[in-house]
Amino acid sequence: MRLTILPLLLVFGDVPPLRDAPPLPKDTLDDAQLSGVSALGLPDQVPGVESTPEARARLELGRKLFFDPILSKDRTVSCASCHDPDKAFATNDARPLGVGGERCDRNSPPIFNRAFGATQFWDGRASTLEQQVLMPIEHPHEMALPLPEALARFAADPGYRGLFAATGAPEPTNDALAAALAEFVRRLVVGDSPIDRFRAAKGTLTPQERRGLWLWESKAGCWKCHAGPNFSDEKFHNTGIGSKDGVPEAARFAVTGDEADRGAWKTPTLRMVAKTAPYMHDGSLATLDEVVRFYARGGNPNAQLDAKVQPFEISDDDVAAMVAFMDALSRSGDPPPPPEETDAEEQVVPNAAPAAPAVKRKAL
Ligand code: HEC
Ligand code: HEC
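Take any residue in the sequence shown, note its place counting from 1, add 158, and you have its number in this note's numbering.
The following block contains the structure:
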């Protein structure tokens, strides 16, 4: 074994770590959060989740890998560096830092509820999670580690060799690596926001949040694209973000070669959105207030602006209401609210058991 690994290490060699690399996010997740059980507001089943011993072994390996900088060339960056559990599995950098001081080409999206997604990445260039998870490892501006070198690192590490073996892989392979990381990402599930509870008649919203929801569903037209359980239609639209002098970026066109796709990016989820500023694929809008005003003025003009982006009049109070709506969408698993139309202060309910969600999740 050692004989085959040594030459590989010599060929690829490790570059020395950056002196001031940012600290690595810790694994603060609890097991219930990775149970693969769905949540209020989402489909009943999370696609692809199994409860076999192999699936549990894949999860254990994938979870360790996700937080381990071993997957980056200079061992300074983990998946969690750009998908931090404390930041709703995104970051607050417009373009987060990869290895060697390189910046990502785009803003890092939050990566929960990806099991419900039709494609992965802003331009949808990966169609499965198994395809997607290997790409950041080799990407020169992210982890910059050739896959053969990653496999050599695992083969040289008895701990990792054991974890791979438990998944049924006799030795570390690309497929086993992809299956483990995908298993972990697939189980990151976020639902049960105050909006979901309100829609299921299981909770209340403040008058301002309700107004935001109403604007959302009426003249602001947000529902036309941010639709469905994950607040995304999983389609690609040109809102004009990134277009210069009226000329859109390639965007989805780079994947399909279809002229109609120029400037069209995947509609992102809006769950937890209050935690993931700045916004858009290039991080060019700093706040949710700015985002609402961007849509109200009809997006950015360009040759292929989506017909669903239409200007609308909006007061400052209504902008605040729409932001309050998105703030509510950014909470999960709140303690149950007091029953509606009663005074919570004075109310005494003997023997009242709070309606606990099926699986207790820590708020992200
Ligand atoms: C240096 C930062 C960085 C690192 C490290 C990183 N990512 Fe990402 N991730 C991004 C960016 C930026 C994008 C969006 C890129 C694009 O769409 O072109 C992204 C996109 C994704 C997506 C698609 C999300 C969606 O909504 O379509 C998933 C899933 C994902 N990353 C998982 C991972 C995993 C797993 C790892 C570790 C193997 C990882 N990422 C490492 C920055 C990073
Ligand atoms: C035509 C479809 C469409 C409509 C209508 C629409 N959006 Fe979007 N939304 C998108 C797309 C596509 C993106 C990503 C654009 C990009 O990154 O360049 C996006 C991005 C966003 C983001 C940034 C999320 C992130 O993680 O960066 C927010 C917030 C948002 N929209 C809110 C709204 C609100 C509020 C409305 C209604 C006023 C609305 N959207 C209407 C398609 C739409």
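No residue lacks a Cβ here, since even glycine has one placed at the ideal position from N, Cα and C.
Look at His439 and Arg264 and say whether their C-beta atoms are less than 8 Å apart.
yes
Using a Cβ-based criterion (distance less than 7 Å to any ligand heavy atom), does Met301 qualify as near ligand 3?
For ligand 3, the structure offers nothing, since it holds only ligand 1 and ligand 2.
Could you tell me whether the stretch 272-288 touches the stretch 374-393, where touching means 3 or more Cβ pairs closer than 8 Å?
yes
Taking the DSSP output, what are the residues bridged to Tyr453?
None, per the DSSP bridge assignment.
By the 10 Å Cβ neighbour count, where 16 or more other Cβ atoms means buried, how is Thr186 classified, buried or exposed?
exposed
Do Gly404 and Ala461 have their beta-carbon atoms positioned less than 8 Å apart in this structure?
yes
Which first and last residues belong to the alpha helix (DSSP H) in which Ala340 is found?
332-344
Which listed residue (Trp423, Leu223, Leu428, Ala246) has its alpha carbon closest to that of Ile295:
Leu223
Could you please give me the residues that DSSP links to Trp372 through a beta bridge?
BP columns for Trp372 are empty, so no partner.
Kindly say whether Asp476, judged by its beta-carbon, lies nearer than 8 Å to any beta-carbon of chain D.
Of the chains in the structure shown, none is chain D; there is only one protein chain.
By the three-class DSSP mapping on this structure, what secondary structure does Leu255 have?
strand
Tell me whether the stretch 300-315 and the stretch 220-240 touch, counting them as touching only if at least three CB pairs, one residue from each stretch, are closer than 8 Å.
yes
The alpha helix (DSSP H) that contains Cys240, what's its start and end?
237-240
Does the beta carbon of Leu428 fall short of 7 Å from some heavy atom of ligand 2?
yes
Who are the near neighbours of Pro330 in its chain, counting only those whose CB is closer than 6 Å to its CB and skipping five residues on each side?
Leu309, Phe312, Ala313, Phe322
Neighbourhood of Met430 by C-beta distance below 7 Å, restricted to the same chain and skipping five residues each side:
Ala246, Pro268, Val348, Ser488, Leu522
Can you look up Glu504 in the DSSP assignment and give me helix, strand or coil?
For Glu504, the predicted model reports a pLDDT of 47, less than 50, meaning its position is unreliable and no value from the coordinates is stated.
For Gly456 and Val467, I'd like the C-alpha separation in whole angstroms.
6 Å
Identified DSSP bridge partners for Val195:
Gln203
Backbone CA spacing between Asn509 and Gly491 [nearest angstrom]
Since pLDDT at Asn509 reaches only 46, below the 50 mark, its modelled position is unreliable, and no value is offered.
For Arg344 and Cys383, the rounded distance between their alpha carbons:
23 Å
Limits of the alpha helix (DSSP H) - the one that Leu223 falls within:
211-224
Contact test: Met293 Cβ vs ligand 2 heavy atom, cutoff 7 Å:
no
Which residue or residues does DSSP assign as beta-bridge partners of His395?
Trp423
Does the distance from the C-beta atom of Leu198 to that of Ala358 stay below 8 Å?
yes
Between the CA atoms of Val449 and Ala432 - distance to the nearest angstrom
11 Å
How would you call Ser473, buried or exposed, if buried means at least 16 neighbouring beta carbons within 10 angstroms?
exposed
Buried or exposed for Ala190, going by 16 or more other Cβ atoms inside 10 Å?
exposed
Whole-Å CB distance - Ala479 paired with Gln366, under 8 Å assumed
5 Å
Where do the ends of the alpha helix (DSSP H) carrying Ala323 lie?
316-324
Compute the Euclidean distance between the alpha carbons of Ala258 and Leu229, then round it to the nearest angstrom.
Residue identity differs from the one stated: residue 258 is Gly in this sequence, not Ala. Their Cα atoms are separated by approximately 14 Å.
Beta-carbon separation (whole angstroms), Arg272 vs Leu287, contact threshold 8 Å:
6 Å
Three-state class that DSSP yields for Arg311 in the structure shown:
helix
When you compare only the Cα positions, how much space is there between Pro469 and Arg216?
48 Å
Among the candidates Leu346, Gly386, Pro459, Ala435, whose CA atom is the shortest distance from the CA of Pro243?
Leu346
Cys383 Cβ short of 7 Å to ligand 1 heavy atom set
no
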